[in-house]
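Colleague: I'd like to ask you about the structure that follows.
Residue numbers (full-length UniProt numbering): 1 to 391.
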């Protein structure tokens with residue numbers, strides 16, 4: 001029987017598995033994921049800040065996978081592309097006829113000295129929870145230590161995850177101050193960014209509103225400030241040091257390390273794919289999500305890696321595998337964003353919505369929009385029961 005192997009149970013992998021199962025392609029579908037659960041990676045910042053619990057952002061892969069999809073919980077070590085075989089850490093290798101590689105992302109340190117050893121990334125449930133424990137323990141320690149650096153927090157990078165994390169952080173800090181008895185006036189939050197803008201994907205007025213919102217709540221932004229090293233308790237930008245006992249690393253991500261281990265030609269562990277999302281030289285192998293690099297035909301630039309585009313890629317790749325199995329030609333991938341929503345804690349945010357017009361939103365309404373986006377994502381991936389269970 002023809003076997004379709006799907007690597008990774010994130011937004012792209014789980015969506016592709018559901019699409020193929022519903023298409024009744026007459027093949028064995030195997031979904032391989034390192035964890036027995038799917039987690040909403042767009043909500044990791046809430047785990048790290050302590051405003052959500054793992055049960056709020058995770059659900060069982062096996063329960064979410066539709067009938068007809070076999071789930072294997074194991075870590076992919078590499079893909080033997082010549083033999084069409086997936087090599088796993090604990091299970092026997094799995095042979096495949098078609099491959100959808102959606103293995104997701106890892107933290108990117110850009111080779112900066114000490115970044116891996118001296119900072120806390122937010123790339124999965126484990127790292128987000130480690131960052132949360134460190135934050136809470138360090139803030140609580142101030143009563144005994146008297147060390148003001150226990151109340152200093154540096155967030156490295158000002159991308160989407162960074163800004164959303166800062167929003168959750170400034171929302172929760174007053175409650176933590178009451179709980180652990182530390183003075184809010186001694187808390188210092190610095191956000192260090194190499195670029196000269198915050199939230200460049202938003203129009204300037206919305207970006208300025210978000211920056212002002214966080215600045216009024218104690219965040220100090222430092223743009224055009226490239227990080228050159230991270231030392232214990234200190235972020236360094238050339239000759240300037242930003243001391244803190246909590247350092248959060250959210251400067252960027254790269255694709256899975258399985259990509260170079262499997263011999264793909266890649267940059268930052270992302271592979272430039274063909275216009276139907278297949279790999280050059282092998283029309284039965286597709287890369288989607290964070291391990292793929294997809295050129296925008298209108299600009300020539302690569303699309304950003306977002307959950308929204310990952311879902312669109314999954315739909316296209318699944319349809320193309322189904323087409324190949326039926327002897328039909330594949331179709332080109334096309335994408336049009338329906339907008340961007342950036343939360344600033346549970347009760348504020350900024351959004352640009354390109355649906356039935358062009359909407360620019362800010363403030364309280366964006367919190368409700370963000371919840372709708374998250375609930376819709378869970379509904380499409382796991383079904384109504386999971387949505388109700390997470391509310």
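Note that CB positions come from ideal geometry on N, CA and C, so glycine has one too. Bear in mind that the values here come from a model prediction, so they are computed numbers and not experimental data.
1) Quick test of the definition: if touching needs 3 or more C-beta pairs under 8 Å, does the region 291 to 307 touch the region 112 to 126?
2) Since residue 190 and residue 220 should fall inside the 8 Å C-beta cutoff, what is the C-beta to C-beta distance between them, to a whole number of angstroms?
3) So, at 6 Å on beta carbons, what are the nonlocal neighbours of residue 186 in its own chain, with the 5 sequence-adjacent residues on each side left out?
4) With DSSP as the reference, identify every bridge partner of residue 241, one or two as the case may be.
5) Is the region 250 to 264 close to the region 65 to 72, with three or more CB pairs under 8 Å?
6) Residue range of the alpha helix (DSSP H) that residue 11 falls in?
7) DSSP three-state call for residue 295: helix, strand or coil?
8) Please identify the residue among 341, 79, 360, 243 whose C-alpha is closest to the C-alpha of residue 367.
9) Can at least three beta-carbon pairs, one atom from the region 4 to 19 and one from the region 88 to 107, be found at a separation below 8 Å?
10) For the pair the region 71 to 86 and the region 20 to 28, tell me if three or more CB-CB distances fall below 8 Å.
11) Taking residue 31 and residue 71 to be in contact with their CB atoms under 8 Å, please state how far apart those CB atoms are, rounded to whole angstroms.
12) Taking residue 39 as the reference, which of 122, 96, 94 has the closest Cα?
13) Give the secondary structure of residue 332 by DSSP, where H, G and I count as helix, E and B as strand, and everything else as coil.
14) Kindly list the residues whose CB is nearer than 7 Å to the CB of residue 89, restricted to its own chain and excluding five residues on each side of it in sequence; keep chain order.
15) Kindly confirm or deny that the region 310 to 326 and the region 279 to 287 touch, where touching means at least three C-beta pairs closer than 8 Å.
16) Within 10 angstroms of its Cβ, does residue 244 collect 16 or more other Cβ (buried), or is it exposed?
17) Return the Cβ separation of residue 345 and residue 170 in integer angstroms, given the expectation that the two are a contact with Cβ distance under 8 Å.
18) If you drop the 5 nearest sequence neighbours on each side, which residues of the same chain put their C-beta closer than 7 Å to that of residue 247?
19) In whole angstroms, what separates the C-alpha of residue 331 from that of residue 5?
20) Mark residue 365 as exposed unless 16 or more other C-beta atoms lie within 10 angstroms of its C-beta, in which case mark it buried.
21) Quick one: is residue 159 buried, meaning 16 or more other Cβ sit within 10 Å of its Cβ, or exposed?
22) Taking DSSP as the reference, what is the three-state secondary structure of residue 220?
23) Around the Cβ of residue 91, are there at least 16 other Cβ atoms within 10 angstroms (buried) or fewer (exposed)?
24) Quick check on residue 101: does DSSP put it in helix, strand or coil?
25) Among 192, 139, 188, 162, which one has its Cα closest to the Cα of residue 179?
26) Which residue wins for smallest C-alpha separation from residue 348, given the options 53, 369, 47?
27) On a Cα-Cα basis, can you pick out the residue from 134, 320, 106, 207 that is closest to residue 233?
28) Can you list, in chain order, the residues of its chain with a C-beta nearer than 6 Å to that of residue 339? Leave out the 5 residues immediately preceding and following it.
29) Taking the beta carbon of residue 45 as the centre, do at least 16 other beta carbons fall within 10 Å, making it buried, or is it exposed?
30) Label residue 216 either buried or exposed according to how many other C-beta atoms from any shown protein chain fall within 10 Å of its C-beta, with 16 as the threshold for buried.
31) Using only CA atoms, which one of 19, 43, 57, 49 lies nearest to residue 37?
32) So is residue 386 buried or exposed if we call it buried at 16+ other beta carbons inside 10 Å?
33) Who are the near neighbours of residue 274 in its chain, counting only those whose CB is closer than 7 Å to its CB and skipping five residues on each side?
34) To the nearest angstrom, how far is the alpha carbon of residue 379 from that of residue 335?
35) How is residue 5 classed by DSSP in three states: helix, strand or coil?
36) By the three-class DSSP mapping on this structure, what secondary structure does residue 35 have?
Modeller: Walking through what the data contain:
1) no
2) Within the chain shown, the letter at position 190 stands for residue 190. Within the chain shown, the letter at position 220 stands for residue 220. Right, their Cβ atoms sit about 5 Å apart.
3) One-based indexing of the chain shown puts residue 186 at position 186. Around residue 186: 148, 151.
4) Here residue 241 is taken as the residue at index 241 of the chain shown, counted from 1. DSSP, once it has assigned bridges, lists 236 as partnering residue 241.
5) no
6) The residue you call residue 11 lines up with position 11 of the chain shown. First-last of the alpha helix (DSSP H) with residue 11: 11 to 23.
7) The sequence position of residue 295 within the chain shown is 295, counting from 1. In this structure, residue 295 counts as strand in the three-state DSSP scheme.
8) Counting from one through the chain shown, the residue named residue 367 turns up at place 367. Checking every option, the nearest Cα to that of residue 367 belongs to 341.
9) yes
10) no
11) Residue numbering aside, residue 31 sits at position 31 when the chain shown is read from its first letter. Residue numbering aside, residue 71 sits at position 71 when the chain shown is read from its first letter. Confirmed, Cβ separation roughly 5 Å.
12) Taking the first residue of the chain shown as 1, we reach residue 39 at position 39. That would be 122, whose Cα lies nearest to the Cα of residue 39.
13) For this step, residue 332 is matched to residue 332 along the chain shown. In the structure shown, residue 332 sits in coil (DSSP, three-state: anything other than H, G, I, E or B).
14) As a first step, residue 89 must be located in the chain shown, where it is residue number 89. Counting only Cβ-Cβ distances below 7 Å, and skipping sequence neighbours, we find 74, 75, 77.
15) yes
16) Locating residue 244 in the chain shown gives position 244, where the first residue counts as 1. The residue in question, residue 244, is buried, as its Cβ has 16 or more Cβ neighbours within 10 Å.
17) On the chain shown, residue 345 is found 345 positions in, with the first residue counted as 1. On the chain shown, residue 170 is found 170 positions in, with the first residue counted as 1. About 7 Å separates the two Cβ atoms, so the contact holds.
18) Reading the chain shown from its first residue, position 247 is the one you call residue 247. The residues are 118, 119, 120, 154, 156, 230, 235.
19) As a first step, residue 331 must be located in the chain shown, where it is residue number 331. As a first step, residue 5 must be located in the chain shown, where it is residue number 5. When rounded, the distance between both Cα atoms is 20 Å.
20) Taking the first residue of the chain shown as position 1, residue 365 is located at position 365. Residue 365 is exposed by the Cβ-count criterion.
21) Walking along the chain shown from the start, residue 159 turns up at place 159. Looking at its Cβ environment, which holds 16 or more other Cβ atoms inside 10 Å, residue 159 is buried.
22) Here residue 220 is taken as the residue at index 220 of the chain shown, counted from 1. It is a strand residue.
23) Working through the chain shown from its first residue, we reach residue 91 at position 91. Label assigned to residue 91: exposed.
24) As a position in the chain shown, residue 101 is number 101, starting the count at 1. Three-state result, residue 101: strand.
25) Locating residue 179 in the chain shown gives position 179, counting from the first residue. Checked all of 192, 139, 188, 162; the closest Cα to residue 179 is 139.
26) In the chain shown, residue 348 corresponds to position 348, counting from 1. Residue 348 has its Cα closest to that of 369, out of 53, 369, 47.
27) The residue labelled residue 233 in the question sits at position 233 within the chain shown. Answer by Cα proximity: 134.
28) Start at 1 with the first residue of the chain shown, and residue 339 comes out as number 339. 352, 353, 354, listed in sequence order.
29) Counted from its first residue, the chain shown places residue 45 at position 45. Residue 45 should be labelled buried.
30) Counted from its first residue, the chain shown places residue 216 at position 216. Per the 10 Å Cβ criterion, exposed.
31) As a first step, residue 37 is located in the chain shown; it is residue number 37 there, counting from the start. Looking at the Cα atoms, 57 is the closest of the given residues.
32) Counting from 1 along the chain shown, the entry for residue 386 is found at position 386. Unreliable placement is indicated for residue 386, whose pLDDT of 38 sits below 50; the coordinate value is still reported in the next sentence. Per the 10 Å Cβ criterion, buried.
33) Translated into the one-based positions of the chain shown, residue 274 becomes position 274. If we look at residue 274 and ignore the five residues flanking it on each side, its Cβ neighbours are 280.
34) Position 379 of the chain shown holds residue 379. Position 335 of the chain shown holds residue 335. Its pLDDT being 44, under 50, residue 379 is placed unreliably in this model, and the value from its coordinates should be taken loosely. For residue 379 and residue 335, the distance between alpha carbons rounds to 21 Å.
35) What you label residue 5 is simply residue 5 of the chain shown in a count that begins at 1. Residue 5 falls in the strand class under three-state DSSP.
36) For the purposes of this step, residue 35 is taken as residue 35 along the chain shown, with counting starting at 1. Residue state, collapsed to three classes: coil.
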